[in-house]
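Q: According to numbering that gives the first Met the number 0, numbering within the sequence shown proceeds without interruption in unit steps and concludes at 328. The beta-carbon is built from N, C-alpha and C at its ideal position, and this holds for glycine as well. I have a structure here, written as structure tokens, and I will follow up with some questions on it.
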Amino acid sequence: MEAATPVHVDDRDQDIQIRWQTTARRFLGTTDATSFAPHRLSRSRMVRYGVQDRLLVGEHLTATLGWHGIKVSNRNANVTAGPGREKLRANDWFLPRATLVLQARQDLALSLDYADTLRAYSETGMSGPMGLRHDDFLALRRTLKPETQSRVQMRADWSAAPTLGLSLSLQGGRIDDRLRFTGRGTVPVNAGSARIDGAILEARHQVTPQWQWSIRYSDARVRMSGGDIVREQSLSVGSVWQDGPWRAALSVARTSAPAMAVSGPRAVRVEVGVDYALAAVGGRPITLSLHMTDPDNLVSGTFARDELSGSLRAADHARAVMARARLGW
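If you want it as structure tokens, here you go:
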């Protein structure tokens, strides 16, 4: 009699997830340089939680409902901090998200989702306290607002062949108090608010088990709060190769001038990354990475990313070469 091979199937009608995350970055300066006692050095901290419930509504329809919250605080944000330590902080404890996914056919999935997100300034834990005059810092604290987004997206994913996938998404919504950094500055500037409507068309091809490539085109209309309308476009080609512990990725994009940032008329962005996963040391994985990043300054690009709320730093908007070791401990 042959032994049956067990097959693990997730047939739960409901799946609830609760997550909690806390991150902190402390400025490692000296008391002579900062005029602070060691326990009062600048620190940026983010607290985020999320609640998500996945429901099987019908045989081919799944609903995911939930919300998340976030708090970002910068302690001792300025060198002229007074007795109150002059914090910069922002929070929103209820940011809803909802998704409906319909498996129309075996090769076609349709989805509709809504999401609210928030991004708040979080920099002092990396670069140390600001050097603003006390009155200027108080004025910044009164006017600095977190960047918020509300987005509705309709998406269709079609598997044209076992190795070829096509997707089309239509998006609409608002971005308020867009934060941007000018030049080498580390203090954000409020670029205003806008209504964004756009579409993204993407094709992905798995050429071999190790190598895949994709092409992506996006077109968006950005209606500024002042009434001006700017069109943002982007065409990108990317490739990923993975074999054993090695993974390499390359992306080249041609973009139009951004609607809510200072940049040249057109730009070419190139991003490269190499990762190597070491054999587990003591049962704990280690990954070494070398990445060259060139962030997308298009507001429609930020709008299209499906991310939870988070912190915002000047380094997120600058070209950089980064070496990193990620420890799974």
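Roughly how many angstroms lie between the CA atoms of Arg88 and Ser72, to the nearest whole one?
A: As a position in the sequence shown, residue 88 is number 89, starting the count at 1. As a position in the sequence shown, residue 72 is number 73, starting the count at 1. Rounded to the nearest angstrom, the two C-alpha atoms are 4 Å apart.
Q: Round the Cβ separation of Ser233 and Trp212 to the nearest angstrom and send it over; I've been treating them as touching at under 8 Å.
A: Sequence index remark: in the sequence shown, residue 233 carries index 234 (1-based). Sequence index remark: in the sequence shown, residue 212 carries index 213 (1-based). Not a contact, Cβ separation roughly 17 Å.
Q: CB Arg230 to CB Ser250, shorter than 8 Å?
A: Residue numbering aside, residue 230 sits at position 231 when the sequence shown is read from its first letter. Residue numbering aside, residue 250 sits at position 251 when the sequence shown is read from its first letter. The answer is no: Cβ separation not under 8 Å.
Q: Looking at the secondary structure, which residues open and close the alpha helix (DSSP H) in which Phe93 lies?
A: If you number the sequence shown from 1, residue 93 lands on position 94. Taken as a continuous stretch (DSSP letters only), Phe93 belongs to no alpha helix (DSSP H), being part of the beta strand (DSSP E) at Leu87 to Arg104.
Q: I believe Ala193 touches Arg222 by the beta-carbon criterion, under 8 Å. Please report the beta-carbon distance rounded to the nearest angstrom.
A: As a working mapping, residue 193 is identified with position 194 in the sequence shown. As a working mapping, residue 222 is identified with position 223 in the sequence shown. Yes, they are in contact, since the Cβ atoms of Ala193 and Arg222 sit about 6 Å apart, within 8 Å.
Q: According to DSSP, is Asp135 helix, strand or coil?
A: By 1-based counting over the sequence shown, the position of residue 135 is 136. Correct three-state label for Asp135: helix.
Q: Under 8 Å, do Pro257 and Asn296 count as touching if we go by C-beta distance?
A: Your numbering for residue 257 matches position 258 in the sequence shown. Your numbering for residue 296 matches position 297 in the sequence shown. A contact, by the Cβ cut-off of 8 Å.
Q: Distance check for Ala322 and Arg372, CA to CA, integer angstroms please.
A: Look at the range of the chain in this structure, 0 to 328, and you will see that residue 372 is not part of it.
Q: Tell me the DSSP secondary structure of Ala313 in three-state form.
A: Within the sequence shown, the letter at position 314 stands for residue 313. Three-state DSSP puts Ala313 in a helix.
Q: Should Gln148 and Asp115 be called a contact, given that it needs their Cβ atoms to be closer than 8 Å?
A: Residue numbering aside, residue 148 sits at position 149 when the sequence shown is read from its first letter. Residue numbering aside, residue 115 sits at position 116 when the sequence shown is read from its first letter. Yes; because the gap between Cβ atoms is below 8 Å, this pair is in contact.
Q: Roughly how many whole angstroms lie between the Cα atoms of Ala119 and His59?
A: Counting from one through the sequence shown, the residue named residue 119 turns up at place 120. Counting from one through the sequence shown, the residue named residue 59 turns up at place 60. When rounded, the distance between both Cα atoms is 38 Å.
Q: I need the DSSP call for Gly22, collapsed to helix, strand or coil.
A: The residue given as residue 22 occupies position 23 in the sequence shown. First, the residue type needs correcting, since residue 22 is Thr and not Gly in the sequence shown. Three-state DSSP puts Thr22 in a strand.
Q: What does a CB cutoff of less than 7 Å around Met0 pick up in its chain, not counting 5 residues either side in sequence?
A: The count along the sequence shown starts at 1 and reaches residue 0 at position 1. Here Met0 scores only 37 on pLDDT, less than 50, and its place in the model should not be relied on; the value that follows carries that caveat. Correct list: empty, nothing qualifies.
Q: Report, in whole angstroms, the separation of the C-beta atoms of Thr286 and Arg318, which I expect to be a contact under 8 Å.
A: Start at 1 with the first residue of the sequence shown, and residue 286 comes out as number 287. Start at 1 with the first residue of the sequence shown, and residue 318 comes out as number 319. Actually they do not touch by this definition, with Cβ atoms about 23 Å apart.
Q: Report, in whole angstroms, the separation of the C-beta atoms of Arg304 and Glu122, which I expect to be a contact under 8 Å.
A: One-based indexing of the sequence shown puts residue 304 at position 305. One-based indexing of the sequence shown puts residue 122 at position 123. So it is not a contact: roughly 20 Å between Cβ atoms.
Q: State the Cα-Cα distance for the pair Gly309 and Met45, rounded to the nearest angstrom.
A: Indexing the sequence shown from 1 puts residue 309 at position 310. Indexing the sequence shown from 1 puts residue 45 at position 46. Those two C-alpha atoms are separated by around 8 Å.
Q: With distances taken from CA atoms, which of Arg24, Leu143 and Leu277 is nearest Gly191?
A: For the purposes of this step, residue 191 is taken as residue 192 along the sequence shown, with counting starting at 1. Gly191 has its Cα closest to that of Leu143, out of Arg24, Leu143 and Leu277.
Q: I need the straight-line Cα distance from Gln152 to Ala138, nearest angstrom please.
A: Numbered from its first residue, the sequence shown carries residue 152 at position 153. Numbered from its first residue, the sequence shown carries residue 138 at position 139. Going from the Cα of Gln152 to the Cα of Ala138 covers about 37 Å.
Q: According to the Cβ coordinates, are Ala248 and Arg268 closer than 8 Å?
A: Residue numbering aside, residue 248 sits at position 249 when the sequence shown is read from its first letter. Residue numbering aside, residue 268 sits at position 269 when the sequence shown is read from its first letter. Going by C-beta atoms, Ala248 is not nearer than 8 Å to Arg268.
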